[in-house]
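Numbered according to the working numbering, the sequence shown spans residues 858 to 1006.
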Amino acid sequence: MEWEVWHVWLGVCMALVMLEVFVPGFVLACLGVGALAGSCAARLGWGLTAQLVTVGVASLLAFVFLRPVARRVAQSDATKTGVDALVGRPCKVTQAFDDTSRLGRCKVDGDDWRAELSDRSAIPQVNDVVWVEHVESNTLVVSTKPINP
């Protein structure tokens, strides 16, 4: 088999895409897209200058359009676990809140928690629904108004 210039560009493309595993940020993959475009330009018989311009333009377009999409997909919000997953959740009051200390007990997903009321509005009674604002140590800080996490 006789080697042609487009084979070299294709090899560069594959090498860059494989090296992307070791470099964060989708940088080398964008350059690999440019090398793939350079391979296409070489296969069409374009000169070296046209190939280099094609590589540059395709890499730039990949940085502008593909990189943000790839980063958004790769860095999507992780599923919250543990006590972080409780924020914004409704819970049922199992022990009435004290007027002075603002402490009571709430049940979330079958687990009974010590709870502290954050707002100074009406004090919820047993079986009322409150929402978790955040967690401090082993205490849920709750509100009588729904929370958006």
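C-beta: ideal position from N, C-alpha, C; glycine also.
Which of the three DSSP states is assigned to residue i in this structure?
i	result
residue 877	helix
residue 988	strand
residue 862	helix
residue 869	helix
residue 884	helix
residue 890	helix
residue 998	strand
Would the beta-carbon of residue i be found less than 7 Å away from any heavy atom of the ligand NAP?
i	result
residue 971	Questions concerning the ligand NAP fall outside what the structure shown contains, since it holds no ligand whatsoever.
Could you check if residue i is buried or exposed, using at least 16 other CB atoms within 10 Å of its CB as the buried criterion?
i	result
residue 890	buried
residue 916	buried
residue 950	buried
residue 898	buried
residue 866	buried
residue 975	buried
residue 935	exposed
residue 983	exposed
residue 921	exposed
If residue i and residue j are in contact, beta carbons under 8 Å, what's the gap, nearest whole angstrom?
i	j	result
residue 990	residue 1004	6 Å
residue 987	residue 999	4 Å
residue 965	residue 946	6 Å
residue 995	residue 962	Actually they are not in contact, since the Cβ atoms of residue 995 and residue 962 sit about 12 Å apart, beyond 8 Å.
Specify whether the region 908-920 and the region 880-899 touch according to this definition: at least 3 beta carbon pairs, one from each stretch, less than 8 Å apart. yes
Whether or not the region 949-962 and the region 918-930 are in contact is what I'm after, with contact meaning three or more pairs of Cβ atoms, one per stretch, closer than 8 Å; do they touch? no
Which full runs of the alpha helix (DSSP H) of 4+ residues lie inside the region 894-979, going along the chain? 905-918 and 924-931
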